[in-house]
Amino acid sequence: MGAQIAAHLVNAGVPTVLFDLTAREGDPRGVARRAIEGLAKLEPAPLAAKDLGGAIVPAHYGEDLALLGDCDLVVEAIAERLDWKRDLYAKIGPHLKDGAVLATNTSGLSIAALAQSVPAAHRARFCGVHFFNPPRYMHLVELVAGPDTPADLLDALETFLTTTLGKGVIRAKDTPNFVANRIGVFSVIAALHHTARLGLSYEVVDALTGPAIGRPKSATFRTIDVVGLDTTAHVIGTMRDTLPDDPWHAHFDVPPVLAALVAKGALGAKAKTGFYRKAGRDIQVLDPATGEYRTSAAEVDPAVAAILALPSPAEKLRGLRASGHPQADFLWSNFRDVFHYAAFQLGAIADTARDLDLAMRWGFGWAIGPFETWQAAGWGDVAGWIAEDIAAGRALARAPLPAWVGGAAVVQARGVHAAAGSYSAAADRLVPRSTLPVYRRQRFPDAIAVERFDRGTTIFETDAVRAWHLEDEVAVVTFKTKQHTISDEVLDGVERAVEHAERAMAGLVIWQTREPFSFGANLASLAPAVQAGRYDEVERVVARFQRTSLSLRYALVPTVAAVRGMALGGSCEFILHCDRTVAALESYIGLVEAGVGLLPGGGGTKEMALRAADAVKQGPTGGQADQFPFVRAYFQTIATATVAKSAFEARALGFLRPADVVVAHPHEILHVAIGQARALADAGYRPPLVPTAVPVAGRTGIATLEMMLVNLRDGGFVTGYDFEVALRIARVICGGDVDAGSLVDERWLIDLERAEFMALVRDARTQARIAHTLATGKPLRN
Amino acid sequence: MSRTLNDAYIVAVARTPVGKAPRGAFRAARPDTLLAHALSSVLARAPTLDPAAVDDVIAGCAMPEYEQGMNVARIGVLLAGLPDTVAGMTVNRFCSSGLNAVSIAADRIRTGEADVLIAAGTESMSMIPMLGRLSLNAEVFARDENLGIAYGMGLTAEQVAARWKVSRDDQDAFALESHRRALAAQAAGEFDAEIAPIAVRERRPDLATGRVSERETNVAKDEGPRADTSAEGLAKLRPVFAAKGSVTAGNSSQMSDGAAAVIVASQAAIRAHGLTPLARFAGYAVGGVAPEIMGVGPLAAIPKVLRTTGLALADIDWIELNEAFAAQSLAVIRDLGMDPARVNPLGGAIALGHPLGATGAIRTATIVEGLKRRGGRWGMVTMCVGTGMGAAGVFERV
Numbered sequence: 000m001g002a003q004i005a006a007h008l009v010n011a012g013v014p015t016v017l018f019d020l021t022a023r024e025g026d027p028r029g030v031a032r033r034a035i036e037g038l039a040k041l042e043p044a045p046l047a048a049k050d051l052g053g054a055i056v057p058a059h060y061g062e063d064l065a066l067l068g069d070c071d072l073v074v075e076a077i078a079e080r081l082d083w084k085r086d087l088y089a090k091i092g093p094h095l096k097d098g099a100v101l102a103t104n105t106s107g108l109s110i111a112a113l114a115q116s117v118p119a120a121h122r123a124r125f126c127g128v129h130f131f132n133p134p135r136y137m138h139l140v141e142l143v144a145g146p147d148t149p150a151d152l153l154d155a156l157e158t159f160l161t162t163t164l165g166k167g168v169i170r171a172k173d174t175p176n177f178v179a180n181r182i183g184v185f186s187v188i189a190a191l192h193h194t195a196r197l198g199l200s201y202e203v204v205d206a207l208t209g210p211a212i213g214r215p216k217s218a219t220f221r222t223i224d225v226v227g228l229d230t231t232a233h234v235i236g237t238m239r240d241t242l243p244d245d246p247w248h249a250h251f252d253v254p255p256v257l258a259a260l261v262a263k264g265a266l267g268a269k270a271k272t273g274f275y276r277k278a279g280r281d282i283q284v285l286d287p288a289t290g291e292y293r294t295s296a297a298e299v300d301p302a303v304a305a306i307l308a309l310p311s312p313a314e315k316l317r318g319l320r321a322s323g324h325p326q327a328d329f330l331w332s333n334f335r336d337v338f339h340y341a342a343f344q345l346g347a348i349a350d351t352a353r354d355l356d357l358a359m360r361w362g363f364g365w366a367i368g369p370f371e372t373w374q375a376a377g378w379g380d381v382a383g384w385i386a387e388d389i390a391a392g393r394a395l396a397r398a399p400l401p402a403w404v405g406g407a408a409v410v411q412a413r414g415v416h417a418a419a420g421s422y423s424a425a426a427d428r429l430v431p432r433s434t435l436p437v438y439r440r441q442r443f444p445d446a447i448a449v450e451r452f453d454r455g456t457t458i459f460e461t462d463a464v465r466a467w468h469l470e471d472e473v474a475v476v477t478f479k480t481k482q483h484t485i486s487d488e489v490l491d492g493v494e495r496a497v498e499h500a501e502r503a504m505a506g507l508v509i510w511q512t513r514e515p516f517s518f519g520a521n522l523a524s525l526a527p528a529v530q531a532g533r534y535d536e537v538e539r540v541v542a543r544f545q546r547t548s549l550s551l552r553y554a555l556v557p558t559v560a561a562v563r564g565m566a567l568g569g570s571c572e573f574i575l576h577c578d579r580t581v582a583a584l585e586s587y588i589g590l591v592e593a594g595v596g597l598l599p600g601g602g603g604t605k606e607m608a609l610r611a612a613d614a615v616k617q618g619p620t621g622g623q624a625d626q627f628p629f630v631r632a633y634f635q636t637i638a639t640a641t642v643a644k645s646a647f648e649a650r651a652l653g654f655l656r657p658a659d660v661v662v663a664h665p666h667e668i669l670h671v672a673i674g675q676a677r678a679l680a681d682a683g684y685r686p687p688l689v690p691t692a693v694p695v696a697g698r699t700g701i702a703t704l705e706m707m708l709v710n711l712r713d714g715g716f717v718t719g720y721d722f723e724v725a726l727r728i729a730r731v732i733c734g735g736d737v738d739a740g741s742l743v744d745e746r747w748l749i750d751l752e753r754a755e756f757m758a759l760v761r762d763a764r765t766q767a768r769i770a771h772t773l774a775t776g777k778p779l780r781n
Numbered sequence: 002m003s004r005t006l007n008d009a010y011i012v013a014v015a016r017t018p019v020g021k022a023p024r025g026a027f028r029a030a031r032p033d034t035l036l037a038h039a040l041s042s043v044l045a046r047a048p049t050l051d052p053a054a055v056d057d058v059i060a061g062c063a064m065p066e067y068e069q070g071m072n073v074a075r076i077g078v079l080l081a082g083l084p085d086t087v088a089g090m091t092v093n094r095f096c097s098s099g100l101n102a103v104s105i106a107a108d109r110i111r112t113g114e115a116d117v118l119i120a121a122g123t124e125s126m127s128m129i130p131m132l133g134r135l136s137l138n139a140e141v142f143a144r145d146e147n148l149g150i151a152y153g154m155g156l157t158a159e160q161v162a163a164r165w166k167v168s169r170d171d172q173d174a175f176a177l178e179s180h181r182r183a184l185a186a187q188a189a190g191e192f193d194a195e196i197a198p199i200a201v202r203e204r205r206p207d208l209a210t211g212r213v214s215e216r217e218t219n220v221a222k223d224e225g226p227r228a229d230t231s232a233e234g235l236a237k238l239r240p241v242f243a244a245k246g247s248v249t250a251g252n253s254s255q256m257s258d259g260a261a262a263v264i265v266a267s268q269a270a271i272r273a274h275g276l277t278p279l280a281r282f283a284g285y286a287v288g289g290v291a292p293e294i295m296g297v298g299p300l301a302a303i304p305k306v307l308r309t310t311g312l313a314l315a316d317i318d319w320i321e322l323n324e325a326f327a328a329q330s331l332a333v334i335r336d337l338g339m340d341p342a343r344v345n346p347l348g349g350a351i352a353l354g355h356p357l358g359a360t361g362a363i364r365t366a367t368i369v370e371g372l373k374r375r376g377g378r379w380g381m382v383t384m385c386v387g388t389g390m391g392a393a394g395v396f397e398r399v
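Structure below.
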């Protein structure tokens, strides 16, 4: 995991040295070097840009320890052996610089015990920083104080982990497995127990414990396969060995089925066999009854599915508990035992219920944490049901619910989360969020349960958008549509927001309250006019879209797109037309129109043609450089509907420009975007002049791209219609059927883009693609 | 007025080893440098010849631009230290450029207007990959019949494989045999006479010391043949040019860098300069086919050259058929009924590499030295040429 942490550090622009053992033969740094090279092959990619691996310096303990003298933070991520860690600390101690922080990425060992093995000079600057795997993508980092760690060090580290690395930090107490793994592993233990008790099949349990209850698709057993059965057995073993007094200790023996599979070497994904295995194209699942693998066929009982579909969380839990169906019994039992365990352990492991819930969201991908689920279903009722089950011996342990569950603070707040804060079992009161200055950069953090944040002052609000501000001079426009798709009304709203900002504000930011940034133009709203052949109407919408994009470009105030998550199609075109983009590192930006037989018609294709011209025109060569490689690259990106897999990739593809800002933490983009708008305004902002004398690749460029396309078509790599769609994209990006090097202007390109877009709209094969995608959510290759 | 043609003879040959592109031995060696090496090496092999007696140097190059632009032949002449009085001309007919250079040189002698020329070829696919800076005339797509111009070479090989029914298995077996023959030939030292080893100097920044790190490597052997090629390995490769095709990286020629030069002289020059003839240039022909099946170009060229030389295919003892692709090689071999044993006895471009415009000169060197060493009277160098052409040249051992 060390190499992956190093990868994320360089993602964040932090110079990083990766130490590993001295290689037995060859290059002594070979072990670290190979680990760095291996990063490029991992999926999902630990590196946010391909060439970032080169920024990690490989090192070995044999002769490179002096490099530690430059390091401000040293993260130890070696195997979970106290003796090995002690040896390592002794070895590196003399080389650490004064004031360096030494952190362990241990997931299970006691920080206090480890601190004893840190040389005295560095003990006070030792703590736990526990990343979740894979560290680039898992939001959670647990920060664990050592016995002597000063508060200011922890605060500085929390700030660094949050803003620089973009992580969600919770402070965990120094208890075995800390917070997320303590509850998460318990949840697995409970699931294994109830699976066996009720005789359910593994794939049914996965069908029940995945998205159906707001958990990741890999659910329970598929997750164990991915994590590794041996690793899972190991962390359960840690619970057994380190928590002798835990009332649930009797359940901490490694379940027989897990032990048996590990003994057989069926370690999960890495061994290609675990609870599941692949047989050709088939996914097979282990049948607990026969011990053989068979075709996986998960079926959730319709009655249970109906309960899960109930909108009211209270009805849902009540229904599961009352059903009597083994699948419902499983779910209720699992919820109950996790609630019971989380409540019992809260005071010991976490500062607040908020921290525990966030840890489960960020570390395990649960949509909401256990206390939130409990509270949503009715705190008192559920507490009563749990108590009943404990009394009846149905719960996994006899320990009663802690007294605070029925105590004044919680009863009054109707749960552990309230506007005033979240319950701390240690303090027996509601505690507000951290006041660490770094969190001022997050106006809208992940809200817990009933938590509400100040939404600012509304400027205007329609069914499609809300324009508002945070008591400063920058307006924010937010889409209210599903997946923030761009409908006619959204176009109205954006234009109105631009007008308002020009009149009364210093700038405009486009920002969404949650991911995605937007899935692009609303195809469904356009489809009826397309299918009915009302092409004039369609063309008006397209012209409208282009006008809105241009209004972002030529607004008299700076416009800034604040992006996180997917930003596809038409929304990418908005990004391309804003003066600046502030993108979270995890932004997935792309022009995907070709997939439905269209081309970017909101100014996007035009914009890439302009950028290709700018790439050579604006440079020191004064237009002497060859424009075509840029034309070809942008063409390929659009024609293949390439989506960038990070903000850095978006920059490499040309969607983001050098001045655009990449921010590690997705919740900080609004803060940064408003700052960027303000800074642009302060600099005496004027919109760019309309580009004139734009050189285009013309008919030679089109022919050269067509040559490439002919080979793909006649080689059977793309369909005849893929070819035609791509050729129309080529025509726009090359400026049409004119001589190479002809000079055009923006209007020429905009009109060409719209004309070629309309030619596609009129084609029955594009219409079939749109209809198919709307009906199935999948592309049609006709 | 009628005049009798003079005979033109090859009197010396030299070639660089063939390096793999783009990361092989010649990754940093410029094509003009490679050419200069071939020129000075071939002159060194005719020590009695005063370089000032050379009338012209004609060098083939398939993508004569950038590093191999600037009329690379003349640059090569000057870099090789030949007198300013020696001229230079670059010729381009894609993959037959090097052979075409030989035929032009021979023709200058045959007409009696010159006595000594050097024919050569050079190509760095490391620096100028196939197609170079591509820019296509839009008129190509104005008529369907010209669509084949747009076809990549691999796709034309797929067309040939389909029309001439060359199976994937046959292509892979042919590729494997090419490597087998090439390795055997290397082991037997069959290429030693023609190859002029070259010292390649690389200058890389040593970032640790802040100095320029110079490394000189002596390259003496073709890099292409692979001892680890196997039928199973070849069968696993995916088709590259057509989704459901049969042409793979394994049964196609390799991308390569290399250069070669041969001295062509008249009877009079041989006497005057004390030279030793190796082979007589007997004739050359080119022909055209549809661009989308360019791989069968030799079908148009070989009958022509046999007619003009008055030979039958059965007379030819040794055929160097450029293996652009196994698919087109097999189509040509089968269509003309060639004896596979006489075709590429030392392996072909699938194993030895194919530095486009240099190949014709390189294989001329191979066949001239080969006929001398292994016996046999008539040799042929032939190849397919992009956009639908074929070329064939015939040599007679003397």
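Protein chains in written order, with our numbering: chain V, 0 to 781; chain A, 2 to 399. The beta-carbon is built from N, C-alpha and C at its ideal position, and this holds for glycine as well. The structure presented is a predicted model; accordingly, all values stated were derived computationally and were not measured.
Member of the options whose CA lies at the smallest distance from the CA of residue i
{"i": "R28 of chain V", "options": "V:Y136, V:S517, V:D63", "result": "V:D63"}
{"i": "G1 of chain A", "options": "A:R272, A:G389, A:S254", "result": "Shown here, chain A extends from 2 to 399; a query on residue 1 of chain A therefore has no answer."}
{"i": "D721 of chain V", "options": "V:I637, V:S295, V:F185, V:L81", "result": "V:I637"}
{"i": "L67 of chain V", "options": "V:L113, V:S106, V:L17", "result": "V:L17"}
{"i": "V630 of chain V", "options": "V:P369, V:E606, V:A382", "result": "V:E606"}
{"i": "R134 of chain A", "options": "V:F627, V:G127, V:R746, V:L41", "result": "V:F627"}
{"i": "P346 of chain A", "options": "A:A286, A:A359, A:A269, A:V382", "result": "A:V382"}
{"i": "V409 of chain V", "options": "V:G392, V:G506, V:T351", "result": "V:T351"}
{"i": "A65 of chain V", "options": "V:I91, V:I749, V:A179", "result": "V:I91"}
Cβ of residue i within 8 Å of any chain V Cβ
{"i": "Y67 of chain A", "result": "no"}
{"i": "A282 of chain A", "result": "What sits at residue 282 of chain A in the sequence shown is Phe, not Ala. It does not; no Cβ of chain V falls within 8 Å."}
{"i": "K245 of chain A", "result": "yes"}
Minimum Cβ-Cβ distance from residue i to chain A less than 8 Å
{"i": "R698 of chain V", "result": "yes"}
{"i": "D713 of chain V", "result": "yes"}
{"i": "A702 of chain V", "result": "yes"}
{"i": "E723 of chain V", "result": "no"}
{"i": "N710 of chain V", "result": "yes"}
As assigned by DSSP and simplified to three states, the class of residue i
{"i": "H355 of chain A", "result": "strand"}
{"i": "F634 of chain V", "result": "helix"}
{"i": "I91 of chain V", "result": "helix"}
Identity of the residues DSSP links to residue i by a beta bridge
{"i": "M137 of chain V", "result": "Per DSSP, none; premise fails for M137 of chain V."}
{"i": "S106 of chain V", "result": "DSSP lists no partner for S106 of chain V."}
Would you call the segment 351-363 of chain V and the segment 133-147 of chain V in contact, with 3 or more CB pairs under 8 Å?
yes
I want to know whether the segment 770-780 of chain V touches the segment 724-735 of chain V - three or more CB-CB distances under 8 Å.
The segment 770-780 of chain V vs the segment 724-735 of chain V: no contact.
Segment contact flag, the segment 222-242 of chain V with the segment 171-182 of chain V, C-beta cutoff 8 Å, min 3 pairs:
yes
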